[in-house]
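Residue numbers (this note's numbering): 2 to 458. Quick reminder that beta carbons are idealized off the backbone N, C-alpha and C, glycines included. Because the structure is a prediction, the values reported are computed rather than measured. Reviewing the structure listed below.
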């Protein structure tokens, strides 16, 4: 079905490579701005509050992801459900998915916010957070989790817009929220000396701004993506469809985060200098990751719409173009990050020791990062076809399980930060290879289903 909206992309006809870039580049910029929320926190804290506060903020990322990823996975389910509906031209199914997804995000955000605020300190204890860091980390997390309803509302809302091919307006919304976040960081930390509490408050306020903007956008939409706040309800069939795709994706994200929490706990055992170095490096690496992840999202959405329209030949070409783009992005940016690592890490901290530790991680993670991109694009095409359980199982066993096994065996023999970091590229190689094999085995069955019944997804 051709899309005629000013912000939408017709994914089911015409040249693919240019439309993939048109979709991915604003999404890439949006993701970078979203990272700047956290990067602004880290830079301001590292410069004006000291290494302990820097470690407190940076070491919470894996824990936040552990709790949030299950619900972010459900937003993937919403994206695929809407993309299939749009591709097949089913406006009624699209409307049901929009209202179900938005209400689901609000309910989930409230529940997650309460849980996170109540359990933050105990979870940090289980992660072996050092005594000189744990109080600051707990304070940061308790405030941060107050923004969960807004965070999930934005993620679900932007997923709905992406399903229709719109990645530009979420970029505009994050630009506004990002500017507010940076200004508040500087005001609350430098002027009012609120330390980690200041950066957490700034982040929460910016999250509510971005959520309000994306929900306002949906309420002003015309056509099937229009949101009527008075009509919010959970449609049982739509909810089950979202869960069918989103729950395995979310569970996969949770298990990935669990393995990262285990690795973070091992990093914590080396003290606050290694923690700060690893955390600062991870923040820099995140910019490379989200640049690659834009092509994972493009593969997911383009596959979903074309599969919904029964255009399986285009699905194959979507995968090839996205793999080409993600490899080039990962190789170029990953190596540039390591080449200019000292200067980039110097933005976060003036400590030579922390910078040195950050470079150790960058060499092991940033340089081979393209391998992670290849793995993620394969996950995107499988989920776009509606096969979400298979990549979940492969990722849980191939990536997460392998990392946990690495920590329990190889790391016990070679107890160095480098040894921990090497678990990442090893897991990417193994898991990406298996994903490729799974796609080759699955696609014939999946294509036969949609060719026989175009309305099947």
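Annotated three-state conformation of residue 361 is helix, per DSSP.
No residue range can be given for residue 222, since it is assigned to no alpha helix (DSSP H) and is classified by DSSP as neither H nor E.
Cβ contact annotation for residue 53 (same chain, cutoff 7 Å, sequence separation greater than five): 133, 134, 137 and 273, in chain order. Collapsing the DSSP output to three states places residue 341 in coil.
With respect to residue 68, residue 117 sits close: the two C-beta atoms are nearer than 7 Å.
Looking at the backbone, the Cα of residue 72 and that of residue 195 are separated by about 30 Å.
DSSP places residue 388 outside both helix and strand once states are collapsed to three, so it counts as coil.
Runs of the alpha helix (DSSP H) spanning 4 or more residues and lying entirely within the region 385-452 occur at 390-396, 403-409, 411-414 and 418-422, in chain order. The beta carbon of residue 307 lies closer than 6 Å to those of 13, 315 and 316 in the same chain, with the five residues before and after it left out.
Rounded to the nearest whole angstrom, the C-alpha separation of residue 76 and residue 160 is 6 Å. One alpha carbon belongs to residue 213, the other to residue 413, and they sit about 48 Å apart.
Taking the CA atoms as reference points, residue 286 sits about 15 Å from residue 327.
Shown here, residue 47 sits in a helix according to DSSP, grouped into three states.
A residue is called buried when at least 16 other Cβ atoms come within 10 angstroms of its Cβ; residue 184 does not meet this threshold and is exposed.
Secondary structure in the region 80-161: the alpha helix (DSSP H) runs of 4 residues or longer, each lying completely within the stretch, are 92-127 and 132-145 in chain order.
Each of 245, 267 and 79 was checked against the Cα of residue 420, and the nearest Cα belongs to 267.
Annotation for residue 310: no alpha helix (DSSP H) segment contains it, and DSSP assigns it neither H nor E.
In this model, residue 22 and residue 451 are separated by some 26 Å (Cα to Cα). Residue 60 holds the alpha-carbon nearest to the alpha-carbon of residue 270 among 60, 312 and 106.
For residue 282, the closest of 74, 363, 170 and 64 by C-alpha to C-alpha distance is 363. In the structure shown, the three-state DSSP call for residue 368 is coil.
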